[in-house]
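Note that my numbering has the sequence shown beginning at 174, numbered continuously upward.
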Amino acid sequence: MATTRTSSRPIVGILFIIAGALVLLGLLLHYAAPTAAPTWLSLLVYLALGVAFLLMALSKSMNVLERVAYIVGAVGWLLLALNGLVALSTLVTVAMILALVGSLAAGILVWMHSTFTRQTNLWFLIAMIITAVYVLNLLVPFATGALGTVLVLLFGAALVVAGFFVLRRH
(Lines of atoms letter the chains of each structure in order from A and count residues from 1; the text may use other names and numbers.)
(Lines give C-alpha, C1' and ligand atoms only; values in the text may rest on other atoms or scores of the structure.)
Protein backbone atom coordinates (compact mmCIF):
# COMPACT_ATOMS: atom_id res chain seq x y z
CA MET A 1 0.00 0.00 0.00
CA ALA A 2 1.36 3.39 -0.93
CA THR A 3 1.77 5.77 1.97
CA THR A 4 2.51 8.85 -0.11
CA ARG A 5 0.61 10.34 -3.00
CA THR A 6 2.43 12.64 -5.33
CA SER A 7 0.38 15.03 -7.41
CA SER A 8 3.12 15.11 -10.04
CA ARG A 9 3.43 11.32 -10.20
CA PRO A 10 2.33 10.98 -13.86
CA ILE A 11 4.79 13.69 -14.94
CA VAL A 12 7.61 12.07 -12.97
CA GLY A 13 6.90 8.69 -14.57
CA ILE A 14 6.82 10.24 -18.03
CA LEU A 15 10.10 12.07 -17.37
CA PHE A 16 11.79 8.81 -16.31
CA ILE A 17 10.46 7.09 -19.45
CA ILE A 18 11.68 9.97 -21.63
CA ALA A 19 15.12 9.93 -19.98
CA GLY A 20 15.43 6.17 -20.47
CA ALA A 21 14.23 6.32 -24.06
CA LEU A 22 16.74 9.09 -24.82
CA VAL A 23 19.56 7.01 -23.29
CA LEU A 24 18.56 4.07 -25.49
CA LEU A 25 18.22 6.34 -28.55
CA GLY A 26 21.67 7.77 -27.87
CA LEU A 27 23.12 4.26 -27.65
CA LEU A 28 21.43 3.28 -30.90
CA LEU A 29 22.65 6.41 -32.67
CA HIS A 30 26.15 5.89 -31.30
CA TYR A 31 26.34 2.52 -33.04
CA ALA A 32 24.31 3.41 -36.14
CA ALA A 33 26.13 6.64 -36.97
CA PRO A 34 28.96 7.33 -34.49
CA THR A 35 29.99 10.63 -36.07
CA ALA A 36 26.42 11.93 -36.36
CA ALA A 37 25.25 11.00 -32.84
CA PRO A 38 24.01 14.20 -31.18
CA THR A 39 25.77 15.23 -27.99
CA TRP A 40 22.72 17.12 -26.73
CA LEU A 41 20.90 13.85 -25.96
CA SER A 42 22.79 13.50 -22.69
CA LEU A 43 21.81 17.09 -21.82
CA LEU A 44 18.14 16.16 -22.30
CA VAL A 45 18.54 12.96 -20.25
CA TYR A 46 20.11 14.86 -17.36
CA LEU A 47 17.50 17.61 -17.62
CA ALA A 48 14.61 15.11 -17.55
CA LEU A 49 16.11 13.35 -14.51
CA GLY A 50 16.77 16.65 -12.75
CA VAL A 51 13.20 17.86 -13.28
CA ALA A 52 11.79 14.47 -12.19
CA PHE A 53 13.78 14.56 -8.96
CA LEU A 54 12.79 18.19 -8.40
CA LEU A 55 9.10 17.37 -8.85
CA MET A 56 9.41 14.47 -6.43
CA ALA A 57 11.05 16.79 -3.90
CA LEU A 58 8.20 19.27 -4.26
CA SER A 59 5.45 16.66 -3.81
CA LYS A 60 3.34 16.80 -0.68
CA SER A 61 3.41 14.56 2.40
CA MET A 62 6.97 13.44 1.80
CA ASN A 63 9.45 12.23 4.40
CA VAL A 64 12.13 14.86 5.11
CA LEU A 65 15.01 12.49 4.31
CA GLU A 66 13.41 11.53 1.00
CA ARG A 67 12.93 15.19 0.17
CA VAL A 68 16.61 15.91 0.90
CA ALA A 69 17.69 12.95 -1.26
CA TYR A 70 15.49 14.16 -4.12
CA ILE A 71 16.88 17.69 -3.82
CA VAL A 72 20.48 16.43 -3.80
CA GLY A 73 19.73 14.28 -6.85
CA ALA A 74 17.95 17.14 -8.62
CA VAL A 75 20.85 19.53 -8.04
CA GLY A 76 23.32 16.94 -9.32
CA TRP A 77 21.34 16.10 -12.46
CA LEU A 78 20.52 19.74 -13.24
CA LEU A 79 24.19 20.73 -12.84
CA LEU A 80 25.10 17.94 -15.26
CA ALA A 81 22.51 19.30 -17.70
CA LEU A 82 23.91 22.80 -17.25
CA ASN A 83 27.35 21.41 -18.03
CA GLY A 84 25.99 20.44 -21.46
CA LEU A 85 25.37 24.13 -22.14
CA VAL A 86 28.26 25.76 -20.29
CA ALA A 87 31.48 23.96 -19.40
CA LEU A 88 31.54 23.75 -15.59
CA SER A 89 35.01 22.09 -15.42
CA THR A 90 35.68 21.08 -11.79
CA LEU A 91 32.04 21.41 -10.77
CA VAL A 92 31.20 18.42 -12.98
CA THR A 93 32.77 16.01 -10.49
CA VAL A 94 30.70 17.54 -7.68
CA ALA A 95 27.58 17.29 -9.87
CA MET A 96 28.25 13.61 -10.57
CA ILE A 97 28.75 12.88 -6.88
CA LEU A 98 25.52 14.71 -6.02
CA ALA A 99 23.61 12.83 -8.74
CA LEU A 100 25.06 9.50 -7.59
CA VAL A 101 24.40 10.05 -3.87
CA GLY A 102 20.99 11.65 -4.39
CA SER A 103 19.77 8.94 -6.75
CA LEU A 104 20.99 6.05 -4.63
CA ALA A 105 19.69 7.60 -1.39
CA ALA A 106 16.33 8.28 -3.03
CA GLY A 107 16.06 4.66 -4.18
CA ILE A 108 16.91 3.31 -0.74
CA LEU A 109 14.57 5.72 1.06
CA VAL A 110 11.69 5.02 -1.33
CA TRP A 111 12.14 1.33 -0.59
CA MET A 112 12.39 1.87 3.18
CA HIS A 113 9.40 4.23 3.45
CA SER A 114 7.12 2.49 0.91
CA THR A 115 6.56 5.68 -1.02
CA PHE A 116 4.80 3.94 -3.89
CA THR A 117 3.43 0.41 -4.25
CA ARG A 118 5.64 -2.56 -3.39
CA GLN A 119 6.49 -3.33 -7.04
CA THR A 120 7.14 0.32 -7.86
CA ASN A 121 9.40 0.69 -4.83
CA LEU A 122 11.41 -2.34 -5.95
CA TRP A 123 11.78 -1.19 -9.55
CA PHE A 124 12.63 2.34 -8.46
CA LEU A 125 15.34 0.96 -6.15
CA ILE A 126 16.76 -1.25 -8.91
CA ALA A 127 16.76 1.68 -11.34
CA MET A 128 18.52 3.94 -8.84
CA ILE A 129 21.17 1.30 -8.10
CA ILE A 130 21.85 0.93 -11.83
CA THR A 131 21.85 4.74 -12.14
CA ALA A 132 24.40 5.01 -9.33
CA VAL A 133 26.64 2.41 -11.01
CA TYR A 134 26.30 4.29 -14.32
CA VAL A 135 27.30 7.61 -12.71
CA LEU A 136 30.13 5.91 -10.82
CA ASN A 137 31.37 4.64 -14.19
CA LEU A 138 31.34 8.24 -15.45
CA LEU A 139 33.45 9.27 -12.45
CA VAL A 140 35.84 6.32 -12.46
CA PRO A 141 35.58 4.43 -15.75
CA PHE A 142 35.65 0.71 -15.03
CA ALA A 143 33.18 -0.56 -17.63
CA THR A 144 34.54 -0.02 -21.11
CA GLY A 145 33.80 -1.62 -24.45
CA ALA A 146 31.02 -4.18 -24.41
CA LEU A 147 30.58 -3.95 -20.63
CA GLY A 148 30.11 -0.18 -20.93
CA THR A 149 27.50 -0.72 -23.62
CA VAL A 150 25.63 -3.19 -21.41
CA LEU A 151 25.74 -0.69 -18.54
CA VAL A 152 24.27 2.08 -20.70
CA LEU A 153 21.62 -0.33 -21.99
CA LEU A 154 20.72 -1.33 -18.42
CA PHE A 155 20.63 2.34 -17.37
CA GLY A 156 18.18 3.28 -20.13
CA ALA A 157 16.01 0.20 -19.70
CA ALA A 158 15.88 0.60 -15.91
CA LEU A 159 14.72 4.21 -16.25
CA VAL A 160 11.98 3.21 -18.69
CA VAL A 161 10.74 0.35 -16.49
CA ALA A 162 10.85 2.47 -13.32
CA GLY A 163 9.00 5.23 -15.19
CA PHE A 164 6.22 2.86 -16.20
CA PHE A 165 5.83 1.64 -12.64
CA VAL A 166 5.83 5.18 -11.21
CA LEU A 167 3.25 6.14 -13.84
CA ARG A 168 0.88 3.35 -12.77
CA ARG A 169 -1.87 4.32 -10.37
CA HIS A 170 -2.12 1.10 -8.34
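All residues carry an ideal CB built from backbone N, CA and C; glycine is no exception.
This one's a predicted model, so the numbers in the text were calculated from it and none came from an experiment.
task: Please go through the same chain and pick out, in chain order, the residues whose beta-carbon is closer than 7 Å to the beta-carbon of Ala335, but skip the five residues on each side of it.
output: Phe189, Trp296, Phe297, Ala300
- prompt: Excluding the five sequence neighbours on either side, which residues of its own chain have a C-beta within less than 6 Å of the C-beta of Ala278, listed in chain order?
  reply: Ala242
message: At the level of alpha carbons, what is the spacing between Asn310 and Thr293?
response: 25 Å
message: Counting C-beta neighbours from all protein chains within 10 Å, is the total for Leu320 16 or more, i.e. buried, or is it exposed?
response: exposed
message: Among the candidates Phe338, Leu258, Val306, whose CA atom is the shortest distance from the CA of Ile270?
response: Val306
field: 7 Å Cβ shell around Phe328 - same chain, five flanking residues per side excluded
entry: Val196, Ile303, Thr304, Tyr307
task: Just mark Val218 as buried or exposed, buried being the case when its beta carbon has 16 or more other beta carbons within 10 Å.
output: buried
field: Where Phe337 sits in the DSSP three-state scheme
entry: helix
field: Whole-number beta carbon distance between Val339 and Arg122, since they are thought to touch under 8 Å
entry: This structure cannot speak to residue 122, because the chain is shown only from 174 to 343.
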